[in-house]
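Note sheet for the following structure.
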Amino acid sequence: MPKYIIHGKTSSDFAAAMLNKPQDRYEMLLPFFEKFGIDVSEFVFTSGIDFNFVSVLQAPDDASVDAMVNIVYSTGNFSNISYARAYDSKEYKSVFELGHDKMSAYVSSMQVAGID
125 MPKYIIHGKT SSDFAAAMLN KPQDRYEMLL PFFEKFGIDV SEFVFTSGID FNFVSVLQAP
185 DDASVDAMVN IVYSTGNFSN ISYARAYDSK EYKSVFELGH DKMSAYVSSM QVAGID
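Last residue of the sequence shown: number 240 in this note's numbering, and the count goes up by one each step with no gaps.
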């Protein structure tokens, strides 16, 4: 399954809820992740300014991650949350091999304008 990195910034609503009733969010969310077929390998809170939550997971596809992230974001517990597809070194090499094989078909605007 493809690997993804999620990072976000929790909101003041999240802090208020956690202060009023401290909880293990990973344990609470496991059934939710399972509904999407998502396997979480890392689920950590950090002391960052731009983001303070990071998760590494494997999911069936982009749509599953996008749907999951949108549900979480809609709760107001995050002021910002996003994800990116992650590649191991062999997968990333294949991305560049694909580009290498297809790059001769690309025509830049500079070439069309006769500037290049």
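Using N, Cα and C, we set each Cβ at its ideal position, and we do this for glycine too.
Let me confirm a value: residue i is counted as buried when at least 16 other C-beta atoms fall within 10 Å, else exposed. Which label applies?
{"i": "S228", "result": "exposed"}
{"i": "Y128", "result": "buried"}
{"i": "M234", "result": "exposed"}
{"i": "F138", "result": "buried"}
{"i": "A183", "result": "buried"}
{"i": "N194", "result": "exposed"}
{"i": "N144", "result": "exposed"}
Residues in the same chain with beta-carbon distance under 7 Å from residue i, minus the five sequence neighbours each way, listed in chain order, please.
{"i": "V164", "result": "F157, S179, L181"}
{"i": "M192", "result": "F160, I162"}
Leaving aside the five residues before and after residue i along the sequence, list all residues of the same chain whose C-beta is less than 6 Å from its C-beta, in chain order.
{"i": "S203", "result": "K133, S135"}
Taking the alpha-carbon positions, what's the residue i to residue j distance?
{"i": "K226", "j": "D212", "result": "22 Å"}
{"i": "F220", "j": "L153", "result": "36 Å"}
{"i": "A268", "j": "V189", "result": "In the structure as shown, the chain starts at 125 and stops at 240, and residue 268 therefore has no counterpart that could be examined."}
{"i": "V231", "j": "I239", "result": "12 Å"}
{"i": "G172", "j": "I205", "result": "14 Å"}
With which residues is residue i paired in a DSSP beta bridge?
{"i": "G132", "result": "F177, I205"}
{"i": "K127", "result": "Q182, A210"}
{"i": "F169", "result": "F177"}
{"i": "V164", "result": "L181"}
Just to check my reading of the structure: residue i and residue j have Cβ atoms closer than 8 Å, yes? What is that Cβ distance to the nearest angstrom?
{"i": "H131", "j": "F177", "result": "6 Å"}
{"i": "D118", "j": "P126", "result": "The chain is shown only over 125 to 240; residue 118 falls outside these bounds and no answer can be derived."}
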